[in-house]
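Letter by letter, the sequence shown follows residues 17 to 591 in the numbering used here. For glycine and all other residues, C-beta sits at the position ideal for the given N, C-alpha and C. Following: one structure in structure tokens, then a few remarks.
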Amino acid sequence: MVITITTAIKDIILQIAAASSFLLLFQWRLNQSHPARRNLKFPDDHTFLALCCALSLILCSVLSGSLFGIINLNWAVVPAFIGMLYGSLRSRIFLGVLLLACTIVFHYPFTPLHILLDSNILIFPLVFSLAKRFKQGTDLEKISIMWGLLASCTLFRVLTPLLDGKSYSVLRPNEIALILCMLFFRFLFGGFMIYWLESALDKLEVEERIAHMSERFRWETDNLQQITNMVPLSIFSIDDNYKITSINDTMMKKLQTRLPNIKRSDVLFLPVFDLIHKLKLNEDKELDRLLEIIVLKQRFMEKVNCLGRVLHILAAPLVPQEPGQIGGMVLVIQDVTEEEMIRSELDHVERLTLVGQMAAGITHEIRNPMAVVRGFLQLMREKSTPDMDSYYQIVMDELDRANSIITDFLSLAQSGISSKEDSNLHDVIEELAPLLWADANLRGQIVELKLCDSLPVLRLNVKEIKQLVLNLGRNAMEAMEAKGVLTLETRCESGKVELLVRDTGSGMSETELEKMFVPFFTTKDQGTGLGLPLCLSIVERHGGAISVDSCAGSGTVFIVSFPYETKEKATYAEA
Ligand code: ADP
Ligand code: MG
């Protein structure tokens, strides 16, 4: 009797081992890394579980037997139901057919009624209908469904011997107790398997979520690093111990201009004060306040002069969001030297423009009283004695000179837009030539024209161009003694027309070259110093450029270039 009980216990243990064997295989599967498991050549986790359950099912059937010759000992139904509940419809059909087949193959006696009851085929519709609900349920609901199904199986198992005409009364109390224990334990075992699987799947989900999050975190960090590297600002951060924790590429490049051999790894985790020492900035008094701010970890936003550059420095403390997080500071440095220079120049220009505008307004108003004075002078001259004539003439000449200065000054203050028309530069020069010849004749000088064969049509304000040529020509004549030669030359080169006004005069010194375009700069007693600034503003209004080639004693050449579009038709002017 003892032997029978021991054998029965051994058989039960074997069934437990066989019914739980699928867990080993499934655990192996879960231990695989995420991408390996997601490999499309392999089934998904739930189908794999169904396959594992199928193996367990076969193992249970192979090891099945009978307890005390009265009740069938086969736990195949546990892995079969688990696989069916977790798997797809295909898995359910497959496991149902497999369970039926195993019951037919390994069960005895082979009668349709036994097969019907022992294969639990009658419960299959229940399993199929509950599978969807099972998948959506909580852990407790899942365990309850499993227990419900196993309770029905247990009922069939207990009823089967009665249908064979066998009676449980032939069994001893301890044998009945063992049978009851086995049935109860199978019931518990089913619930435990569900619990184990749920915990394993939950753990897996958490792990996958963490892996996904860390991947995303890495991506965000890379992204942020790339952004900070791309901005033209020097950015670095320090921790609570003043050690540099991160530094962007712009800052690294700036450091490398001062310390050529320095690498990122040398800077990272270096105390910021050591770096300042290396850069020899600790003697810079301007930086004292910044260093103090860093020590006190305060906010700072100021422009600082450092090593001849103007730096806009922003230092801001990093506030830890949670206790235990790293604080420290972030420093953003922008080199604003160029911007500062442009700003101060703009300020200067703005002041000058204002003064210029006021002067233009005032000079315009001076013209009116001057015209009245000139008119009355004319009248007085007619009425006075002839010996006073020369005095009147001098006063009127001076008034005319003052008027011409005002005209020049006002043209200088004229706005950038002037009306232009299609014209040929040669025509303008030829129209002016007699005037220049007459002027040169009086001085005993010669005017030569060296005009090229053809010139393209240019958009010119003829009145202004005449003024330009006259100004340059008169300057040239004024710079020359008698017998000097003034040459007006034109040439057409890649995309531009050039007018050269050449003289054989005194030439210009360095200072003259430097200051010639400054309004009112003149070296002549009777000069106004407005001729060249006016020329410059005319040329600029035509989108051109003016350059000078001169050296003291050997003459000067002014080169005025006008741009033209090559698609414009070239017209031919006679030289
Ligand atoms: P202004 O003729 O009234 O002096 P400009 O603006 O025309 O004023 O010229 C400014 C100065 O530039 C002149 O005083 C002269 O010193 C110098 N300059 C201009 N053109 C020549 C030239 N062709 N040769 C030498 N010096 C020149
Ligand atoms: Mg002049």
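Beta-ladder partner(s) of residue i, from DSSP
i	result
residue 296	In DSSP, residue 296 forms no bridge with anything.
residue 317	330
residue 512	509 and 579
residue 22	None; residue 22 has no bridge partner.
residue 502	463
residue 437	476
residue 593	Since the first residue shown for the chain is 17 and the last is 591, residue 593 is missing from the structure and cannot be characterised.
residue 573	518 and 565
residue 646	What is shown of the chain runs 17 to 591, which leaves residue 646 out entirely.
residue 13	Absent from the model: residue 13. The displayed extent of the chain is 17 to 591, so no value can be given.
residue 259	287
Whole-Å CB distance - residue i paired with residue j, under 8 Å assumed
i	j	result
residue 35	residue 94	5 Å
residue 512	residue 579	5 Å
residue 159	residue 210	5 Å
residue 147	residue 213	Going by Cβ atoms, the distance from residue 147 to residue 213 rounds to 15 Å, so no, they are not a contact pair.
residue 467	residue 506	5 Å
Neighbour-count burial assignment, residue i, 16 or more Cβ in a 10 Å radius
i	result
residue 590	Here residue 590 scores only 41 on pLDDT, less than 50, and its place in the model is too uncertain to base an answer on.
residue 197	exposed
residue 321	exposed
residue 31	buried
residue 461	buried
residue 369	exposed
residue 481	buried
residue 515	buried
residue 549	buried
residue 586	Model confidence at residue 586 stands at a pLDDT of 45, short of 50, so the residue's coordinates are unreliable; what they give is reported in the following sentence. Burial call: exposed.
residue 498	exposed
residue 335	exposed
residue 229	exposed
residue 22	exposed
residue 227	exposed
C-beta contact flag for residue i and residue j at 7 Å
i	j	result
residue 570	residue 523	yes
residue 69	residue 91	no
residue 120	residue 177	no
residue 263	residue 348	no
residue 572	residue 563	no
residue 207	residue 162	yes
residue 16	residue 551	Given that the chain is displayed from residue 17 to residue 591, the structure contains no residue 16 and the question cannot be resolved.
residue 256	residue 372	no
residue 502	residue 463	yes
residue 536	residue 545	yes
residue 80	residue 38	no
residue 286	residue 260	yes
residue 488	residue 444	no
residue 199	residue 170	yes
Any non-hydrogen atom of the ligand ADP within 6 Å of residue i CB
i	result
residue 503	no
residue 532	yes
residue 528	yes
residue 565	no
residue 495	yes
residue 519	yes
residue 524	yes
residue 379	no
residue 423	no
residue 482	no
residue 353	no
residue 540	yes
Cβ-heavy atom distance, residue i to the ligand MG, below 6 Å
i	result
residue 491	yes
residue 391	no
residue 500	no
residue 547	yes
Residue-chain proximity (residue i, chain B), Cβ-Cβ < 7 Å
i	result
residue 35	Among the chains of the structure shown, chain B does not appear; only one protein chain is present.
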